[in-house]
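Chains as they are written, first to last, in the numbering used here: chain A, 20 to 136; chain B, 15 to 238.
Scroll down for the structure; my scribbles are underneath it.
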């Protein structure tokens, strides 16, 4: 379950950002997890529930943005939503495509309260 | 990083790659290996697909013409490294008791322990698992996914990322074909749905099928 490593990385990134911005607590973390990133959100939630105690994320809610798998056909320049059973371009059955969205593993933003208020 | 103040509550925009730390080590590994002229393959597969068996056979065939080295990843034991060491090719075993994949930092430590002088071809045998290792760049030149034909034709559809990211699919245990209901053409079609440019080589160490084609693929990678 590599979601444990992913959760640990998120906690590090959030703690570093909170320290840099002088936040006393973090109430929300917004993540973007693409459906073709290899990370399962259910497993990631489970990892956070086990790892967040004693960290700045302890009381934070985590929101998951999930962009749809979007591909671009280099042959007919069609942008299309990917079907996991067949990634080829449905318009021309072209075999040269690239993934535009779907592999994201990003900490988008955090919401928290400052130390100085 | 920017922030907007709204009383005590603040929104901090991060836009940070969750795998940045791994990817930074991967970039360093890639630069280190490429500067030494070492071509690196990251071998992915389920447990029991025959990665080590194919590797031992490959090293026996290639070791007198191409200097090879191996990094072995397993959750526990050094059994695979011992099998590789019998070929006299330098090998380092990495055990990952707490994780299901190799990451770029594991590989960096292994590179420090490996005698790399004159090495032209490095194999990284990842932990047997088709899910987690696919997400982690190790600094390799290419991923090679192996699949034994006992695993079924639909494996590429069940675990698409490992097949999508591969440059080459090596099918193993082809000698078992007469005993299985395995449709080779269907398997290839499934793989090409996920990765249309994928090269496929069908092999068996037992019947010595496809091994020269696989070795020629490696020779081309090293010699250009």
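Ideal placement from N, C-alpha and C gives every residue a C-beta, glycine not left out.
(Q) Distance check for residue 79 of chain B and residue 103 of chain A, CA to CA, integer angstroms please. (A) 42 Å
**Q.** Inter-residue Cα distance where the pair is residue 82 of chain A and residue 36 of chain B
**A.** Computed Cα separation, rounded: 23 Å.
Q: Counting only the same chain and skipping the five closest in sequence on each side, list residues whose C-beta sits under 6 Å from that of residue 80 of chain A.
A: Close CB contacts of residue 80 of chain A within its chain, under the 6 Å cut and outside five residues either way in sequence, are with 47 (chain order).
Q. What residues in the region 75-100 of chain A have a beta carbon less than 8 Å from any beta carbon of chain B?
A. none
Q: Please list the partners that residue 57 of chain A has in chain B, where partner means a Cβ-to-Cβ separation under 8 Å.
A: 145, 146, 148, 149 and 175
**Q.** Nonlocal neighbours in the same chain, by C-beta distance under 7 Å from residue 60 of chain A, ignoring five residues either side
**A.** Hits under 7 Å: 52 and 83.
Q: Buried or exposed for residue 15 of chain B, please, with buried defined as at least 16 other CB atoms from any protein chain shown within 10 angstroms of its CB.
A: Because residue 15 of chain B carries a pLDDT of 48, less than 50, the predicted location of this residue cannot be relied on, and the following value inherits that uncertainty. It counts as exposed.
Q) Taking Cβ positions only, does residue 115 of chain B come closer than 8 Å to chain A? A) Yes, contact with chain A.
Q.
Looking at chain A, is there any beta carbon in it that lies within less than 8 Å of the beta carbon of residue 61 of chain B?
A. Taking 8 Å as the threshold, the shortest C-beta distance from residue 61 of chain B to chain A does not fall below it.
Q) Looking only at C-alpha atoms, which of B:238, B:236, B:225 and B:47 sits nearest to residue 74 of chain B? A) B:225
Q. What residues match up with residue 125 of chain A in a beta bridge as DSSP calls it?
A. A:51 and B:31
Q. Counting only beta-carbon atoms, is residue 70 of chain A nearer than 8 Å to chain B?
A. Chain B, which has no Cβ nearer than 8 Å to the Cβ of residue 70 of chain A, makes this no.
(Q) Buried or exposed for residue 112 of chain B, going by 16 or more other Cβ atoms inside 10 Å? (A) It is exposed - the Cβ of residue 112 of chain B has fewer than 16 other Cβ atoms within 10 Å.
(Q) So, at 6 Å on beta carbons, what are the nonlocal neighbours of residue 128 of chain A in its own chain, with the 5 sequence-adjacent residues on each side left out? (A) 49
Q. At a Cβ threshold of 8 Å, is residue 125 of chain A touching chain B?
A. By this cut-off, residue 125 of chain A is an interface position.
Q) So what does DSSP say about residue 90 of chain A, is it helix, strand or coil? A) strand
Q: Give the DSSP-derived three-state secondary structure of residue 102 of chain A in the structure shown.
A: DSSP places residue 102 of chain A in strand when its eight states are reduced to three.
Q: Could you tell me whether any non-hydrogen atom of the ligand ADP is closer than 7 Å to the CB of residue 103 of chain A?
A: This structure lacks the ligand ADP, and indeed carries no ligand of any kind.
Q: Inspect the beta-carbon positions of residue 144 of chain B and residue 64 of chain B and report whether they are closer than 8 Å.
A: No, Cβ-Cβ distance for residue 144 of chain B and residue 64 of chain B is not below 8 Å.
Q.
Contact criterion: CB-CB distance below 8 Å. Does residue 103 of chain A meet it with respect to chain B?
A. yes
Q) In terms of DSSP beta bridges, what is residue 218 of chain B paired with? A) B:223
Q: Give the secondary structure of residue 157 of chain B by DSSP, where H, G and I count as helix, E and B as strand, and everything else as coil.
A: strand
Q | Status (buried if at least 16 other CB within 10 Å, exposed otherwise) for residue 24 of chain B | A | buried
Q: For residue 157 of chain B, collect the residues of the same chain with a Cβ closer than 7 Å to its Cβ; drop the 5 residues on either side in sequence, then sort them by chain order.
A: 56, 58, 179, 180 and 181
Q: Below 7 Å between beta carbons is the criterion; list the residues of the region 25-41 of chain B that meet it against any residue of chain A, in chain order.
A: 25, 26, 27, 28, 29, 30, 31, 32, 33 and 35
Q: Using a threshold of 8 Å, state whether the C-beta atoms of residue 138 of chain B and residue 116 of chain B are closer than that.
A: Against a cut-off of 8 Å, the Cβ pair of residue 116 of chain B and residue 138 of chain B comes out as a contact.
Q. Taking Cβ-Cβ distances shorter than 7 Å, what residues in chain B pair up with residue 110 of chain A?
A. What residue 110 of chain A touches in chain B, judged by beta-carbon distance under 7 Å, is nothing: the nearest beta carbon there is about 15 Å away.
Q: Report yes or no: do the region 43-52 of chain B and the region 57-71 of chain A share at least 3 C-beta pairs separated by less than 8 Å?
A: no
Q | For residue 171 of chain B, the nearest candidate out of B:70, B:221, B:209 and B:124 (CA to CA) | A | B:209
Q | Run of the alpha helix (DSSP H) containing residue 61 of chain A, from where it starts to where it stops | A | 60-70
Q: Taking C-beta pairs closer than 9 Å, name the residues in chain B that residue 30 of chain A reaches, listed in chain order.
A: Per Cβ cutoff of 9 Å: no residues; residue 30 of chain A is ~10 Å from chain B at best.
Q: Give the DSSP-derived three-state secondary structure of residue 81 of chain B in the structure shown.
A: coil
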